[in-house]
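Residue numbers (the numbering used here), protein chains in the order written: chain A, 65 to 414; chain B, 65 to 414.
C-beta atoms are modelled at their ideal positions from N, C-alpha and C, and glycine is treated no differently.
Presented below is the structure to which this report refers.
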């Protein structure tokens, strides 16, 4: 179902305007229904051939909106022409009474290729996605890899854009923006199943959803290179395990690292009770991670959208409640495929 | 007018589903109209209090869509609850028959603060704009400066996002990405009325819409600094003039530059006849600019959205038809506020 729509802000309530459009709907053999809105402006619907629907409203405040819905398989050129005709007619009818006109790109719903993946701060954005590369449910989550013309393949976990092949700035940000020397260092990466960090780093241990590895190894090679082809390399080992027992074992053994990079999950957006467990999980991982960090070590992690200031403040509060006192710095980074600025943290022992 | 909407992809045509929703509409005292779609699925509209409108469709292919329109001043929590109730009811009615569910952020139309500024490649994107800082019509164009929470103030010329205070990567890209040494060089900037390049550069001459200068001097200071406070500085001069006669005069006088930075306009998107003049203008500026370029000089300019490959190919063809033969390179850059990747060109004399 495709919705074409525009709206006009008028100088005043122009109820006679809509009558001027009737001849267009008649030509299209559309059936008109005028609805009683109990004083909330003019509202009419028009049903035409091929399941076309036009919704025409004029509010008392002078807002005129037209929605045109058409079904898959309809002649889109004809439909656009109808909208153009309506727009031209309105321009001549309303000449001089128009304060603002806005026509937006069509919204497509129910398509095989879904192009709408809202940002973490809840904004509607349309991606230039032209095909679904991979779409599977693992035991943990839905894993999609979709192809964007500009960003390359994009990994989308449970509807959240995770990483695209264009997103080297994400990987660089969560590795300290090129200011760290990883040579000869021991690095522990938590999460990062897309292989992006692994491809950039030297020596590491990772825990991830095996299916994310499988999908990314094949479809995200610009991000992960060949590092996911083998779970064990000369200087790295990929553990597909729950990272909590692994971390606990390291703490018990006294095993420590120069860098811990936590790429498991963004800071939870909601503070609703059902998110409590995510906050607790975050705290647990953070506490264990700091414990396996060497005194001069650094802990890198993503925060969330720069706009989610309350969420980030909660996270920073949490940093003050760890069993070992820490300091932190943060940076705002533009990750190409995110369509929003993203906050990254560097944390170290006081 | 706010539109809340979601869609469901079902296993099969489930026409009985919609009857299960009737009790909800009755509770809301909404008036139902079932429309004859001549075989194109089920379509009903429901009108409620405060001018609320629900459009319920189920197509033969099993796509169920619900649109809920409400007017400014309506109780948005109540409206969201209604949508939640419909969603819950549908989940229980359709249990096991749901292939996909998608609920998108609400679309707001006619608001004082317009948050929808489509990309150059025609995609719908919502910005985090919270206020209009400046909105004036000059003799040439509409000039808006709007505040985005993440990008700072954004300059929007005739509906096109031009530059935000976050967009240093744009300025750096059009100045050669930090690889040029501007010390002691003579630089000619065409366009760039936002002052971004001027703030980064050393010695230059600029032509711009005086009103863009005025708006940016006050509201885009993170981009332009103080360079627009005076049209003449120690090492720069701003000319608020048509740049064509100025360029022609330079050619006549034999005046040349080390760098010419053309920030006048993006490559025209359309190749429709009405855009012919823009292409001709582009060719004219390009030809004159290359003429005032020293043999070792560089010409920097923006191209357009990385997705507009045909447009960019046309531009590159044009580069082969200049009166002086040139070579070029291009780079794709992520400009934070653009929400799309952008192409920049470096051009030099063969």
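Taking the C-alpha atoms as reference points, what is the distance between residue i and residue j?
{"i": "residue 175 (chain A)", "j": "residue 65 (chain A)", "result": "8 Å"}
{"i": "residue 181 (chain A)", "j": "residue 236 (chain B)", "result": "30 Å"}
{"i": "residue 149 (chain A)", "j": "residue 88 (chain A)", "result": "8 Å"}
{"i": "residue 370 (chain B)", "j": "residue 225 (chain A)", "result": "20 Å"}
{"i": "residue 185 (chain B)", "j": "residue 406 (chain A)", "result": "24 Å"}
{"i": "residue 291 (chain A)", "j": "residue 304 (chain A)", "result": "14 Å"}
{"i": "residue 261 (chain B)", "j": "residue 399 (chain A)", "result": "23 Å"}
{"i": "residue 230 (chain B)", "j": "residue 386 (chain B)", "result": "35 Å"}
{"i": "residue 84 (chain B)", "j": "residue 146 (chain A)", "result": "35 Å"}
{"i": "residue 113 (chain A)", "j": "residue 206 (chain B)", "result": "39 Å"}
{"i": "residue 195 (chain A)", "j": "residue 201 (chain A)", "result": "18 Å"}
{"i": "residue 130 (chain B)", "j": "residue 102 (chain A)", "result": "22 Å"}
{"i": "residue 244 (chain B)", "j": "residue 187 (chain B)", "result": "34 Å"}
{"i": "residue 308 (chain A)", "j": "residue 192 (chain A)", "result": "38 Å"}
{"i": "residue 117 (chain B)", "j": "residue 72 (chain B)", "result": "19 Å"}
{"i": "residue 280 (chain B)", "j": "residue 258 (chain B)", "result": "6 Å"}
{"i": "residue 91 (chain A)", "j": "residue 100 (chain A)", "result": "25 Å"}
{"i": "residue 390 (chain A)", "j": "residue 382 (chain B)", "result": "58 Å"}
{"i": "residue 211 (chain B)", "j": "residue 327 (chain B)", "result": "22 Å"}
{"i": "residue 403 (chain A)", "j": "residue 249 (chain B)", "result": "37 Å"}
{"i": "residue 170 (chain B)", "j": "residue 138 (chain B)", "result": "14 Å"}
{"i": "residue 376 (chain A)", "j": "residue 413 (chain A)", "result": "20 Å"}
{"i": "residue 189 (chain A)", "j": "residue 220 (chain B)", "result": "18 Å"}
{"i": "residue 302 (chain B)", "j": "residue 289 (chain B)", "result": "15 Å"}
{"i": "residue 273 (chain B)", "j": "residue 203 (chain B)", "result": "9 Å"}
{"i": "residue 310 (chain B)", "j": "residue 242 (chain B)", "result": "28 Å"}
Considering residue i, what are the terminal residues of the beta strand (DSSP E) in which it resides?
{"i": "residue 264 (chain B)", "result": "No beta strand (DSSP E) contains residue 264 (chain B), which is instead part of the alpha helix (DSSP H) from 260-264."}
{"i": "residue 221 (chain B)", "result": "216-221"}
{"i": "residue 243 (chain A)", "result": "That residue, residue 243 (chain A), is in no beta strand (DSSP E); it is neither H nor E in DSSP."}
{"i": "residue 224 (chain B)", "result": "224-228"}
{"i": "residue 212 (chain A)", "result": "206-212"}
Does DSSP put residue i in a helix, in a strand, or in coil?
{"i": "residue 359 (chain A)", "result": "strand"}
{"i": "residue 321 (chain A)", "result": "strand"}
{"i": "residue 115 (chain A)", "result": "helix"}
{"i": "residue 174 (chain A)", "result": "coil"}
{"i": "residue 287 (chain A)", "result": "helix"}
{"i": "residue 89 (chain A)", "result": "helix"}
{"i": "residue 129 (chain B)", "result": "strand"}
{"i": "residue 195 (chain A)", "result": "strand"}
{"i": "residue 354 (chain A)", "result": "helix"}
{"i": "residue 307 (chain B)", "result": "helix"}
{"i": "residue 312 (chain A)", "result": "helix"}
{"i": "residue 65 (chain B)", "result": "coil"}
{"i": "residue 348 (chain A)", "result": "helix"}
In the DSSP assignment, what are the bridge partners of residue i?
{"i": "residue 397 (chain B)", "result": "B:406"}
{"i": "residue 97 (chain A)", "result": "A:109"}
{"i": "residue 180 (chain A)", "result": "A:190"}
{"i": "residue 326 (chain B)", "result": "B:254, B:365"}
{"i": "residue 392 (chain A)", "result": "A:411"}
{"i": "residue 70 (chain A)", "result": "A:130, A:167"}
{"i": "residue 200 (chain B)", "result": "B:207"}
{"i": "residue 82 (chain A)", "result": "None; residue 82 (chain A) has no bridge partner."}
Sorry if obvious, but does the Cβ on residue i come closer than 7 Å to a heavy atom of the ligand COA?
{"i": "residue 188 (chain B)", "result": "As far as ligands go, the structure on display features none, and thus does not contain the ligand COA."}
Which same chain residues, not among the five before or five after residue i, have their C-beta less than 6 Å away from its C-beta?
{"i": "residue 324 (chain B)", "result": "252, 353, 357, 363"}
{"i": "residue 285 (chain A)", "result": "none"}
{"i": "residue 115 (chain A)", "result": "135"}
{"i": "residue 198 (chain A)", "result": "209, 279, 283"}
Provide the residue span of the alpha helix (DSSP H) that contains residue i, from first to last.
{"i": "residue 277 (chain B)", "result": "274-283"}
{"i": "residue 143 (chain B)", "result": "140-157"}
{"i": "residue 383 (chain A)", "result": "373-383"}
{"i": "residue 232 (chain B)", "result": "232-237"}
Kindly list the residues whose CB is nearer than 7 Å to the CB of residue i, restricted to its own chain and excluding five residues on each side of it in sequence; keep chain order.
{"i": "residue 105 (chain B)", "result": "121, 122, 123, 124"}
{"i": "residue 97 (chain B)", "result": "108, 109"}
Once you ignore the five residues that flank residue i on each side, which residues in its own chain have a CB closer than 8 Å to its CB?
{"i": "residue 140 (chain A)", "result": "66, 134"}
{"i": "residue 86 (chain A)", "result": "96"}
{"i": "residue 278 (chain A)", "result": "none"}
{"i": "residue 297 (chain B)", "result": "291"}
{"i": "residue 223 (chain B)", "result": "181, 206"}
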